[in-house]
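Residue numbers (this note's numbering): 5 to 294.
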């Protein structure tokens with residue numbers, strides 16, 4: 005899936021291996037992008053920034069497939085998009101289970117007979133439905149997701165669950181999420197979103213920053229020039245040799261620069277990420293971007 009912002013040179017490409025961050029230095033451009041996305045999600049097409057989302061080269065409608073959170077303190081779990089998805093999911097479960105659906109109709113008919121006894125006490129006739137749909141009944145119950153309490157990170161985890169389980173949207177957008185969460189909390193969210201296979205986009209304002217683990221940042225400076233910055237992986241030559249299963253007995257302490265270069269080139273072409281086991285800056289490690 006790809007997001008194209010036509011005023012930028014680079015596209016935002018979503019994958020299961022990383023979390024995308026759009027970092028915008030200029031406040032006016034930041035506001036224009038947020039406003040344009042908000043308009044598109046609400047079905048308004050004429051926006052200041054032309055933005056589209058492509059899924060398998062086909063443009064998808066943002067009002068159906070994108071969900072944006074601006075107010076992190078008051079995440080609305082009962083907005084129309086989530087509510088409709090919840091009711092559709094429950095209705096689908098009933099329709100797939102004949103016995104459950106039959107029991108529901110039987111109970112409704114019993115309730116209807118009970119009400120008809122009261123109707124007979126009145127000196128006039130009534131019009132009423134002979135049956136009721138699952139979604140009608142859920143609305144009658146006032147069924148809603150209850151999740152307005154707790155820390156921001158807990159609400160985000162719940163929102164990711166809702167998006168994944170109910171198939172609410174193909175893209176979840178957070179605005180200035182980094183203002184409220186620590187790096188460790190962000191990493192937890194990133195890992196959970198990737199595990200759940202939920203596409204996330206963070207839109208942040210401010211100066212360029214070093215990417216966190218699993219981050220890919222598209223940075224737009226004050227001149228509206230954009231560049232991509234990905235997280236760095238630090239690996240010792242010994243770890244590289246272990247990764248490629250070098251036979252026991254080979255002296256990895258005498259790895260030549262040429263050998264390391266060949267390993268790196270192979271690694272860059274075949275892998276997206278290698279865990280880092282080396283934290284010391286003076287241990288002869290090699291830093292590279294993927």
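Don't be surprised by glycine CBs; every beta carbon is placed ideally from N, CA and C.
Worksheet item: Under 8 Å between the Cβ atoms of residue 37 and residue 177?
Response: Along the chain shown, one-based indexing puts residue 37 at 33. Along the chain shown, one-based indexing puts residue 177 at 173. With contacts defined by Cβ atoms closer than 8 Å, residue 37 and residue 177 do not form a contacting pair.
Worksheet item: Should the region 223-236 be called in touch with the region 44-61, which here means at least 3 C-beta pairs below 8 Å?
Response: No, because fewer than three Cβ pairs between the region 223-236 and the region 44-61 fall closer than 8 Å, the two stretches do not touch.
Item to complete: Indicate whether at least one CB of chain E lies closer than 8 Å to the CB of residue 102.
Response: Within the model displayed, chain E is absent; a lone protein chain is all it includes.
Discussion item. Between 76, 47, 51, 112, which has its C-alpha nearest residue 68's C-alpha?
Written reply: By 1-based counting over the chain shown, the position of residue 68 is 64. 47 is the residue among 76, 47, 51, 112 whose C-alpha sits nearest the C-alpha of residue 68.
Item to complete: Ignore the nearest five residues each way along the sequence and tell me which others in residue 34's own chain have a CB closer than 7 Å to its CB.
Response: For the purposes of this step, residue 34 is taken as residue 30 along the chain shown, with counting starting at 1. If the five residues before and after residue 34 are omitted, its C-beta is found closer than 7 Å to the C-beta atoms of 28, 209, all from its own chain and listed in chain order.
Discussion item. Contact defined as beta carbons within less than 8 Å: I believe residue 82 pairs with residue 148. What is the distance between those atoms, to the nearest angstrom?
Written reply: Here the question's residue 82 lines up with position 78 in the chain shown. Here the question's residue 148 lines up with position 144 in the chain shown. At roughly 5 Å, the Cβ-Cβ gap stays under 8 Å, so residue 82 and residue 148 are in contact.
Worksheet entry | DSSP three-state assignment for residue 35, whether helix, strand or coil | Numbered from 1 along the chain shown, position 31 holds the residue referred to as residue 35. Residue 35: helix per DSSP, three-state reduction.
Worksheet item: Assuming residue 203 contacts residue 174 under a Cβ cut-off of 8 Å, what Cβ separation, rounded to an integer in Å, is found between them?
Response: For the purposes of this step, residue 203 is taken as residue 199 along the chain shown, with counting starting at 1. For the purposes of this step, residue 174 is taken as residue 170 along the chain shown, with counting starting at 1. Right, the Cβ-Cβ distance comes to about 6 Å (below 8 Å), so this counts as a contact.
Item to complete: Look at the Cβ atom of residue 44, then the Cβ atom of residue 66, and state whether they are nearer than 8 Å.
Response: As a position in the chain shown, residue 44 is number 40, starting the count at 1. As a position in the chain shown, residue 66 is number 62, starting the count at 1. Yes; because the gap between Cβ atoms is below 8 Å, this pair is in contact.
Practice prompt. Measure the CB-CB distance between residue 64 and residue 8 and report whether it falls below 8 Å.
Written response: Translated into positions along the chain shown, residue 64 becomes position 60. Translated into positions along the chain shown, residue 8 becomes position 4. Against a cut-off of 8 Å, the Cβ pair of residue 8 and residue 64 comes out as no contact.
Fill in: Beta-bridge partners of residue 233, as assigned by DSSP
Here residue 233 refers to the residue found at position 229 when the chain shown is read from its first residue. Residue 233 is bridged by DSSP to 221.
Discussion item. Beta-carbon within less than 6 Å of residue 162's beta-carbon, same chain only, minus the 5 sequence neighbours each way: which residues are those?
Written reply: For this step, residue 162 is matched to residue 158 along the chain shown. Hits under 6 Å: 151.
Item to complete: With distances taken Cα to Cα, identify the nearest neighbour of residue 20 among 218, 224, 223, 226.
Response: If you number the chain shown from 1, residue 20 lands on position 16. Here the closest residue by C-alpha is 218.
Worksheet item: Since residue 197 and residue 6 are thought to touch, with beta carbons under 8 Å apart, how far apart are those beta carbons, to the nearest angstrom?
Response: The count along the chain shown starts at 1 and reaches residue 197 at position 193. The count along the chain shown starts at 1 and reaches residue 6 at position 2. Not really, about 18 Å apart at Cβ, beyond 8 Å.
Worksheet item: Quick one: Cα of residue 116 to Cα of residue 97, how far?
Response: Your numbering for residue 116 matches position 112 in the chain shown. Your numbering for residue 97 matches position 93 in the chain shown. Rounded to the nearest angstrom, the two C-alpha atoms are 24 Å apart.
Discussion item. Does the distance between the C-beta of residue 71 and the nearest non-hydrogen atom of the ligand ATP fall short of 7 Å?
Written reply: The ligand ATP is absent from the structure shown, which contains no ligands of any kind.
Worksheet item: Nearest-angstrom Cα distance between residue 32 and residue 84?
Response: Position 28 of the chain shown, counted from the first residue, corresponds to residue 32. Position 80 of the chain shown, counted from the first residue, corresponds to residue 84. Near 30 Å, if we compare the C-alpha coordinates of residue 84 and residue 32.
Fill in: 8 Å Cβ cutoff met for residue 156 and residue 185
Taking the chain shown and counting its residues from 1, one reaches residue 156 at position 152. Taking the chain shown and counting its residues from 1, one reaches residue 185 at position 181. Taking the C-beta atoms as reference points, residue 185 is found nearer than 8 Å to residue 156.
Fill in: residue 295 in three-state terms, based on DSSP
Look at the range of the chain in this structure, 5 to 294, and you will see that residue 295 is not part of it.
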